[in-house]
Amino acid sequence: MERPGRPRRRTRYTSRVHAGARFVAQRLLLKPLVWSLVHVTTHGAHRLDELPKTFVVVANHSSHLDAPLVMGALPHRFSRYLAAAAAADYFFDVWWRKGLTSLFFNAFPVDRVGELRSKGLATTLLEDGVPVLIFPEGTRSRDTTIAPFKAGAAALSIKAQVPVVPVAMHGAQAAMPRTRNWPVRGRPPVAIAFGEPLVHRTGETVTAFNRRIESSVRDLYLSLVEPGDDGQRRIDPPSGASRNEGAA
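So for the sequence shown, the UniProt record's numbering puts the first residue at 1; every next one is plus one.
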């Protein structure tokens, strides 16, 4: 639900000065670099035409390319204040990495082995009109597998009464796997798809909403998989389902 006219609290997440610096960092430095190293195709951006200014982006996670890809593929009016959830034990462990992560991604810390480390902060960001990007698997996949989603993003969406934008990426893991700090040579292809924004239904539980979000991301992912690609066979069952029930 949009909150027209509500003033933003003055923090680094809502600062126009920080947003201006981030525009330079993202649009003039990071995006041109990433797009020069991988061949990006984007699908479904038209589905965001009626999106309000505050929302939760939920995406599968397999590479350090994921956040730059999502932020670069989103129209600037949506990515200007977008705050990305980032692993506290890695991106916030030393001052210089925390500074760079904050500059490029407007990042806030999460616990990768649990739920959101700063649920209160994430809720405050949404209340202040700052959209957030969350990877609900909790950590990067070691292959093309999509792990079951944690329910934190669904709970945040319900509490803040904002829609969820499902996003799927295919090819990022092959372009820059966990074992590498730089994309492989040859501009490998990466595809990103935006789904229809999802809103919580009256009477729907957090678990049910989370499953619906996860199913949307999985469907988007499968729409990006080329026939014969083994990524189509490496998707874990949705949350709450057995492997036999969810195997593709």
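For each residue, glycine too, the CB sits at the ideal point set by N, CA and C.
Just so you know, these numbers come straight off a predicted model, no measurement behind them.
With a cutoff of 8 Å on beta-carbon distance, Leu198 and Pro148 are scored as not near each other. Annotation: the UniProt domain "Phospholipid/glycerol acyltransferase" (55-172) contains the following complete segments of the beta strand (DSSP E) (minimum length 3 residues), in chain order: 56-59, 83-87, 108-110, 132-134 and 164-170. DSSP lists no bridge partner for Pro177. A buried status is given to Arg80, since no fewer than 16 other beta-carbon atoms sit within 10 Å of its beta-carbon. By the criterion of a C-beta distance shorter than 8 Å, Pro75 is surrounded in its chain by Ala45 and Leu48, once the five residues flanking it on both sides are discounted.
Residues of the same chain with a CB within less than 6 Å of the CB of Val190, apart from the 5 flanking positions on each side, are Val38, Val40, Gly171, Ala172 and Ala175 in chain order. The Cβ-Cβ distance between Ser102 and Arg9 does not fall below 8 Å. Nearest Cα to Ala73 within the set Met169, Thr202 and Ile213: Met169. Ranked by how close their Cα comes to the Cα of Glu196, the residues Val184, Arg140, Lys98 and Pro52 have Pro52 in first place. Going by DSSP, Ala193 is part of the beta strand (DSSP E) stretching over Pro189 to Phe194.
Thr14 is positioned such that its CB atom lies closer than 8 Å to that of Asp128. In this chain, Thr205 is not harboured by any alpha helix (DSSP H), its DSSP state being neither H nor E. Nearest in C-alpha terms to Ser36, of all of Gly203, Glu226 and Arg185, is Arg185.
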